[in-house]
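Right, one structure below, let's go through it.
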Amino acid sequence: MRPSTFIPAIAAAAILAACGGGGGAGSVGTGTLSVKMTDAPACGYDHVWVTVTKVRVHKSDTASDADPGWAEVAVTPDPGSDGRRIDLLSLQNGVLAELGQTALPEGHYTQVRLVLSGAPGANQLVLTSDKSVVNLDTPSAQQSGLKLKHGFDVAAGETVDLVLDFDACKSIVKAGASTRYNLKPVVSVIPILVGSIEGGAVTPEAARAGAWVSLQRFDPATGEVSVVRATGVRLVAADGKDAGTWTLSPVPVTTDSRGYNLVIGAPGYGDVVYTNVPVVSGAVTAVPAVALSTSTARAIDGRVATAEGTGSVQALQKVVDNTDDALDVVIEAAFANADAMTGDYAVSVPAGAAKVAPLGAPLATAVNGGKYVVRATDGATTQDSALVDVSTADATGVDFVFP
Numbered sequence: 088m089r090p091s092t093f094i095p096a097i098a099a100a101a102i103l104a105a106c107g108g109g110g111g112a113g114s115v116g117t118g119t120l121s122v123k124m125t126d127a128p129a130c131g132y133d134h135v136w137v138t139v140t141k142v143r144v145h146k147s148d149t150a151s152d153a154d155p156g157w158a159e160v161a162v163t164p165d166p167g168s169d170g171r172r173i174d175l176l177s178l179q180n181g182v183l184a185e186l187g188q189t190a191l192p193e194g195h196y197t198q199v200r201l202v203l204s205g206a207p208g209a210n211q212l213v214l215t216s217d218k219s220v221v222n223l224d225t226p227s228a229q230q231s232g233l234k235l236k237h238g239f240d241v242a243a244g245e246t247v248d249l250v251l252d253f254d255a256c257k258s259i260v261k262a263g264a265s266t267r268y269n270l271k272p273v274v275s276v277i278p279i280l281v282g283s284i285e286g287g288a289v290t291p292e293a294a295r296a297g298a299w300v301s302l303q304r305f306d307p308a309t310g311e312v313s314v315v316r317a318t319g320v321r322l323v324a325a326d327g328k329d330a331g332t333w334t335l336s337p338v339p340v341t342t343d344s345r346g347y348n349l350v351i352g353a354p355g356y357g358d359v360v361y362t363n364v365p366v367v368s369g370a371v372t373a374v375p376a377v378a379l380s381t382s383t384a385r386a387i388d389g390r391v392a393t394a395e396g397t398g399s400v401q402a403l404q405k406v407v408d409n410t411d412d413a414l415d416v417v418i419e420a421a422f423a424n425a426d427a428m429t430g431d432y433a434v435s436v437p438a439g440a441a442k443v444a445p446l447g448a449p450l451a452t453a454v455n456g457g458k459y460v461v462r463a464t465d466g467a468t469t470q471d472s473a474l475v476d477v478s479t480a481d482a483t484g485v486d487f488v489f490p
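Counting from 88, one number per residue, gives the positions in the sequence shown under the working numbering.
This is the structure in structure tokens:
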């Protein structure tokens, strides 16, 4: 997603994957769990390091950390460390890092925990602005494992395909004017059936360094906009792929006729939006090359006042306004975590209109150029601003107060 002054969005995924297989007499009653990790765009950081110690799974979604019955994927630690240190930003465009695997008793599992190290310096970032290395403060409660509730089945002699999507940028929260940053992991679970999307080159070349690709879903019934996966573009040719191209993999399959909305953008350029993007299990969806047009970058800023310092905002834009509300398309143009100490936030969005079309159709100018709704949340409830128009100037003082 588009970079912001504080915390732009970047996504990282921990993938529970394995290669299927038949079950002989010796494998009856157990399956195999293999864990990998991947990531998305840099957006404001040169590096984001996390140290993973293990992944835990349980058949009960109410099991506590101390309850019996946990199975673990123990990650092979780096020398002198309690886990494996991974630069998430080295894992883009479908690149995966192997973490480990374990045998699991067959049955239905409902809880997954991703466990990070709490050792000093285990989790760090490097700011693009001044190249400084900053330790991420990791609350002790999260060192026992971030709890995820998601059901999956393990059959005898079979393997499991699950994806834990670790949204690294949304997980990093600036804390005041100091150099303190908090690590508050935001992780979701991607279903078993997955495909992939391959994109043609993004031009002009000058846009590529900050370009991002965001696969999104809009629910017209609730108005919710969620980011499913995100990535940057290749700055140089690699793995048989040209510079400027990109890959989103793995991606959950689409389950309805709406498909996904695919948003491509870069700082100083207008967004390109493809709607009705399908993803089929085991297949590759092709997206054509995209030429971005320049657009003035505008700032929207304000404050999100919350009791716990957990505020964040989305800048939302309706790019398709249909007489049938069910056919509207709303995108997330930018995201930011509010400062944990002050509540301040800022996002950067295009002043001009996006280009939009169903995948496979010619692009056309979207409605509502330069007009956004800012949606704030305290983690439990949401508030929407009035329409914010930045077509001619920045917008300041877009504030929210949560009880």
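Cβ coordinates follow ideal geometry from the N, Cα and C atoms, glycine included. In this text the structure is predicted, and so the values were computed from the model without any measurement.
- Less than 9 Å separates the beta-carbon of Gly282 from that of Val338.
- Rounded to the nearest whole angstrom, the C-alpha separation of Pro226 and Leu270 is 8 Å.
- For Ser258, same chain residues with a beta-carbon under 7 Å away, outside a window of 5 residues either side, are Leu270, Lys271, Pro272, Val273 in chain order.
- In this structure Gly439 touches Ser382 by the C-beta definition: roughly 4 Å separates them, less than 8 Å.
- Excluding five sequence positions before and after Pro365, the CB atoms of its chain that fall closer than 7 Å to its own CB belong to Thr341, Gly346, Thr372, given in chain order.
- Under DSSP, no beta-bridge partner is assigned to Thr266.
- Per DSSP, the beta-bridge partners of Arg171 are Val139.
- Three or more beta-carbon pairs separated by less than 8 Å link the stretch 350-357 to the stretch 287-304, which places the two stretches in contact.
- Leu176 places its beta carbon 9 Å or farther from that of Lys123.
- Around the beta carbon of Glu419, a 10 Å sphere encloses 16 or more other beta carbons of the protein chains shown; the residue is thus reported as buried.
- About 14 Å separates the CB atoms of Val406 and Ala421; that is not less than 8 Å, and the two are not in contact.
- Shown here, Leu178 sits in coil according to DSSP, grouped into three states, outside any helix or strand.
- When secondary structure is reduced to three states using DSSP, Gly297 falls in the helix class.
- Unbroken beta strand (DSSP E) stretches of 3 residues or longer found wholly inside the stretch 275-335: 281-286, 299-306, 311-319, given in chain order.
- Rounded to whole angstroms, the gap between the alpha carbons of Ala441 and Pro449 is 13 Å.
- The three-state secondary structure of Ser399, taken from DSSP, is strand.
- Judged by beta-carbon spacing, Leu403 lies beyond the 9 Å limit of Tyr356, meaning their Cβ atoms are not closer than that value.
- Looking at the backbone, the Cα of Met428 and that of His195 are separated by about 42 Å.
- For Pro192, the enclosing beta strand (DSSP E) begins and ends at 184-192.
- Contact check for Thr138 and Gly187: beta-carbon distance about 14 Å, past the 8 Å limit, so the pair fails to qualify.
- When the beta-carbon positions are compared, Leu201 and Asn210 stay at least 9 Å from each other.
- Judged by DSSP in its simplified three-state form, Lys442 adopts strand.
- In this structure, the beta-carbon distance from Leu335 to Val241 does not fall below 9 Å.
- Distance from Val135 to Asp174 at the Cβ level is roughly 7 Å; contact confirmed, criterion being Cβ atoms closer than 8 Å.
- Ser147 counts as exposed, since fewer than 16 other beta carbons sit within 10 angstroms of its beta carbon.
- Under DSSP, Arg200 forms a beta bridge with Arg143, Lys234.
- Between Gly430 and Gly466, the CB-CB gap reaches or exceeds 9 Å.
- Between the alpha carbons of Ser204 and Phe253 lies a gap of roughly 15 Å.
- For Pro437, the enclosing beta strand (DSSP E) covers residues 431-437.
- Thr266 is a Cβ neighbour of Ser219, given a cutoff of 9 Å.
- Taken through DSSP and simplified to helix, strand or coil, Asp133 comes out as strand.
- In this structure, the straight-line span from the alpha carbon of Pro307 to that of Ala413 is close to 5 Å.
- Residues Val391, Ala463, Gln470 of the same chain have their beta carbon placed closer than 6 Å to that of Phe487, with the five preceding and five following residues left out of the count.
- Leaving aside the five residues that flank Ser275 on each side, the residues in its chain whose CB is nearer than 6 Å to its CB run, in chain order, Asp252.
- Beta-carbon to beta-carbon, Gly331 and Arg321 are separated by about 7 Å, close enough to satisfy the 8 Å threshold.
- Annotation: Gly456 is outside any beta strand (DSSP E) and is labelled neither H nor E by DSSP.
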